[in-house]
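Heads up: the sequence shown is residues 1 to 266, going by UniProt numbering. Ideal placement from N, C-alpha and C gives every residue a C-beta, glycine not left out. Below you'll find the structure, written out as structure tokens, and then a few comments.
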Amino acid sequence: MRIETHTLSATAGGRAILTDVNLAFEPGAFTGLIGPNGAGKTTLLRLLAGLAEPAAGRVTFDGRTAAQTGRRALARGIAYLPQSGPVHWPLRAEALVLLGRLPHRGALGGITAADHAAVERALATADATHLRGRIVGTLSGGERMRVLLARALATEAPVLLADEPVAALDPGHQLACMALLRDTARRGSGVVAVLHDLTLAARFCDRLILLSGGGVLADGPPARVLTDAHLRAAYGIAVHRGEAGGEPFLLPWHALPSPTCQPETP
Numbered sequence: 001m002r003i004e005t006h007t008l009s010a011t012a013g014g015r016a017i018l019t020d021v022n023l024a025f026e027p028g029a030f031t032g033l034i035g036p037n038g039a040g041k042t043t044l045l046r047l048l049a050g051l052a053e054p055a056a057g058r059v060t061f062d063g064r065t066a067a068q069t070g071r072r073a074l075a076r077g078i079a080y081l082p083q084s085g086p087v088h089w090p091l092r093a094e095a096l097v098l099l100g101r102l103p104h105r106g107a108l109g110g111i112t113a114a115d116h117a118a119v120e121r122a123l124a125t126a127d128a129t130h131l132r133g134r135i136v137g138t139l140s141g142g143e144r145m146r147v148l149l150a151r152a153l154a155t156e157a158p159v160l161l162a163d164e165p166v167a168a169l170d171p172g173h174q175l176a177c178m179a180l181l182r183d184t185a186r187r188g189s190g191v192v193a194v195l196h197d198l199t200l201a202a203r204f205c206d207r208l209i210l211l212s213g214g215g216v217l218a219d220g221p222p223a224r225v226l227t228d229a230h231l232r233a234a235y236g237i238a239v240h241r242g243e244a245g246g247e248p249f250l251l252p253w254h255a256l257p258s259p260t261c262q263p264e265t266p
């Protein structure tokens, strides 16, 4: 599924968050959304998922609007992993993951062998099989995120949108999650994730979109986006750079006075 934004604008509390954003997201690519707090990363992700209405402009899914596509088709086509999805009932983890299969079931449809198989694959892929019998409310933040990731994977949608998927994870599971998202894209899905760790973004993503100042400050391969000038403008920081095993890393090193940044002209 190809998702496009057309002169997209969004507001929150009467304040402009995004203005005239034009982007396209293709299958088979792992895209990272980066930028300072309040830059509109989560807002953009929710708009891409069809979970929010823009103030102006539109989002299309293979050339069709959300209304033209239909809610059920969108639910089958897009899996959404929020920052922290609330669970209001004492569900076992396996039952929560099974909710990811709802878009594939009819109003009176029961749980099928295909549903069970998808849940097993998702639990194994998210390294959460051993958590299947636990009540979700007893899980740690990292364990909960892995179960929520499994729920999104169980949908087996052609697009996966993830909001800060590694925020609650320990370093080992952060690396595993990023590798999983990259591999999911390699298998042909479109993957878009909100990220804050710049080294993980540089190492695993095919493309980065740096949001700042109400729009897109930079868009492209990580090396083109994570320049000193862009990081100074967006975050007001200087970074320390290096290389390990042929892969780059960068560490935020100290704060700098940040000039007002201007988004790229599409």
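Can you tell me whether residue i is helix, strand or coil according to DSSP?
i    : result
V241 : Inspection of the sequence shows that residue 241 is occupied by Arg rather than by Val. The answer is strand: DSSP assigns R241 an E or B state.
P252 : strand
R207 : strand
T138 : helix
L198 : helix
R15  : strand
A223 : helix
With a cut-off of 8 Å, does the C-beta of residue i fall near any C-beta of chain B?
i   : result
L99 : Absent here is chain B; the protein component of the structure consists of one chain.
Using a Cβ-Cβ cutoff of less than 6 Å, which residues in the same chain neighbour residue i once the five nearest sequence positions on both sides are dropped?
i           : result
V119        : V97, L98, A154
G57         : H6, T7, L8, S9
G190        : F25, P27, V159
Q83         : D163, E164
residue 275 : Not covered by the structure: residue 275. The range shown for the chain is 1 to 266.
I111        : none
Can you give me the C-alpha to C-alpha distance between residue i and residue j, rounded to a whole angstrom?
i    : j    : result
L102 : M145 : 19 Å
R232 : I209 : 15 Å
R132 : L149 : 13 Å
R2   : L169 : 30 Å
S258 : A234 : Reliability fails at S258, whose pLDDT of 47 lies under 50, so the model's placement of it is uncertain and no value is given.
N37  : S212 : 9 Å
D228 : K41  : 21 Å
Starting from residue i and walking both ways along the alpha helix (DSSP H), at which residues does that stretch end?
i    : result
A122 : 113 to 125
T42  : 41 to 48
H230 : 228 to 235
Under 8 Å Cβ to Cβ from residue i, same chain only, skipping five residues before and after it: list those, please.
i    : result
H254 : I237, A238
Over the uninterrupted beta strand (DSSP E) stretch that includes residue i, give me the two end residues.
i    : result
H130 : No beta strand (DSSP E) contains H130, which DSSP labels as neither H nor E.
Problem set entry | Entirely enclosed alpha helix (DSSP H) segments - the region 59 to 98, minimum 4 residues | 66 to 69, 71 to 77, 93 to 98
Exercise. Which whole runs of the beta strand (DSSP E) in the region 151 to 186 are 3 residues long or more, in chain order?
Worked result: 159 to 163
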